[in-house]
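Worksheet: one structure, shown below.
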Amino acid sequence: MIGGPAGLEVLQKYNIDFEVVNNAGDNALSYHLRFNGCMAQALLPIMTKLSSFKDHAPKYLQRFLSYNQGTFSYYFQSFFEENPEVTKAMFDSLFEYSAEEASRMFFQSCYSANTFLAEKFLEFNYDLDYNFISDDGSTPIMALCGYSQCPNNNLMRQLLTKGVNLEHRNQKGKTALLVLSSGMRPGDRNCHDAESVRLLLEHGAPINSTDEDGNTALHYAFNDENWELAELLLGHGADVLSKNSEGKIPLEMTSDKNRHIFQFMQ
Numbered sequence: 367m368i369g370g371p372a373g374l375e376v377l378q379k380y381n382i383d384f385e386v387v388n389n390a391g392d393n394a395l396s397y398h399l400r401f402n403g404c405m406a407q408a409l410l411p412i413m414t415k416l417s418s419f420k421d422h423a424p425k426y427l428q429r430f431l432s433y434n435q436g437t438f439s440y441y442f443q444s445f446f447e448e449n450p451e452v453t454k455a456m457f458d459s460l461f462e463y464s465a466e467e468a469s470r471m472f473f474q475s476c477y478s479a480n481t482f483l484a485e486k487f488l489e490f491n492y493d494l495d496y497n498f499i500s501d502d503g504s505t506p507i508m509a510l511c512g513y514s515q516c517p518n519n520n521l522m523r524q525l526l527t528k529g530v531n532l533e534h535r536n537q538k539g540k541t542a543l544l545v546l547s548s549g550m551r552p553g554d555r556n557c558h559d560a561e562s563v564r565l566l567l568e569h570g571a572p573i574n575s576t577d578e579d580g581n582t583a584l585h586y587a588f589n590d591e592n593w594e595l596a597e598l599l600l601g602h603g604a605d606v607l608s609k610n611s612e613g614k615i616p617l618e619m620t621s622d623k624n625r626h627i628f629q630f631m632q
């Protein structure tokens, strides 16, 4: 469509109509949000001033959610921070279009770890389904509990005030606590920590829930030799004798050399 930012300046000079859409219903911005972040960045200040902005806003937001936090931050975040009225108008347009679609996109923002967009959903306090269930049975809080390279405890803290169901299980039988604890391997670049677990426990997460393999959060802590997690769970009364589907208690999930440390549990 447009060759580059320099070409964009030429088109502006000759008053080209930027509201034209192709057969797929994409205008210049929604098209380039799929294929060219640099061009989309240049188009954004122009397209948000057009009368059709609110009509296309739900599609724009969906395309923004295809970017991870790092890429979104690089290309677009500063614009939205400097233009809060545009940000609010975009989110309002989505919610007015469909509360169900807004709930789905909120889940997607949590899943893709786009903390800026996820926090905007919460900041604007829409009447969303904060227990929205995805195709694999996950909810927004579960999505936040998955692998994350960016700290999101503040986002978790906000979401936990929305009456989220911490007993819900995904298709693998995992609750939010199990999703979190099964991914907290020492040495990984996962930003979740003991504070993330503490937040769930303080909001009533069932500490002894089991997944499809019968493992509890404590089983995962011992299996991964995550002693900080194990100490936290034990301090909150985790069942040390719960057996998984293989008949193993948490202590039996760790290596032989570490078992003597916890002999008092037997």
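In our numbering, the protein residues as written are 367 to 632. Each residue gets a CB set at the ideal place from its N, CA and C atoms; glycine is no exception. Remember, it's a predicted structure, so these values are computed and weren't measured experimentally.
* **Enclosing alpha helix (DSSP H) for Tyr426 [first to last residue]** => Where Tyr426 is concerned, the enclosing alpha helix (DSSP H) stretches over Phe419 to Phe430.
* Cβ distance (whole Å) where Leu416 is taken to contact Ala394 below 8 angstroms -> Incorrect: roughly 10 angstroms between the Cβ atoms, too far for contact.
* To do: Please look up how many angstroms separate the CB atoms of Pro506 and Leu525, rounded, as I've assumed it's under 8 angstroms.
  => About 6 angstroms separates the CB atoms of Pro506 and Leu525; that is less than 8 angstroms, so the two are in contact.
* Asked: According to DSSP, is Asn592 helix, strand or coil?
  -> Reduced to three states, the DSSP call for Asn592 is coil.
* Distance between beta carbons of Pro424 and Glu467, contact taken as under 8 angstroms -> With a contact defined as Cβ atoms closer than 8 angstroms, Glu467 and Pro424 qualify at about 7 angstroms.
* Grouping DSSP H, G and I as helix and E and B as strand, with all else coil, what is Glu385? -> In the structure shown, Glu385 sits in coil (DSSP, three-state: anything other than H, G, I, E or B).
* Asked: Excluding five sequence neighbours on each side, which residues of the same chain lie with their C-beta closer than 6 angstroms to the C-beta of Tyr513?
  -> Excluding positions up to five away in sequence, the list reads Gly549 and Asn556.
* Asked: Do you know whose CA, among Leu431, Tyr441, Asn536 and Leu510, lies nearest Phe457's CA?
  -> For Phe457, the nearest C-alpha among the options comes from Leu431.
* Count the other CB atoms within 10 Å of the CB of Asn592; is the residue buried (16 or more) or exposed (fewer)? -> Buried.
* To do: Can you give me the Cβ contacts of Phe461 inside the same chain, cut-off strictly under 7 angstroms, excluding the 5 residues immediately before and after it?
  => Excluding five sequence positions before and after Phe461, the CB atoms of its chain that fall closer than 7 angstroms to its own CB belong to Ala468 and Tyr492, given in chain order.
* **Residue of Leu617, Ile573 and Ser611 minimising C-alpha distance to Asp579** => Out of Leu617, Ile573 and Ser611, Ser611 has the C-alpha closest to the C-alpha of Asp579.
* To do: Can you tell me which of Tyr477, Glu594, Lys609 and Ser418 puts its alpha carbon nearest to the alpha carbon of Ser575?
  => Nearest option by C-alpha distance: Lys609.
* Beta-carbon proximity check, Leu584 vs Ala571, cutoff 8 angstroms -> The Cβ-Cβ distance between Leu584 and Ala571 does not fall below 8 angstroms.
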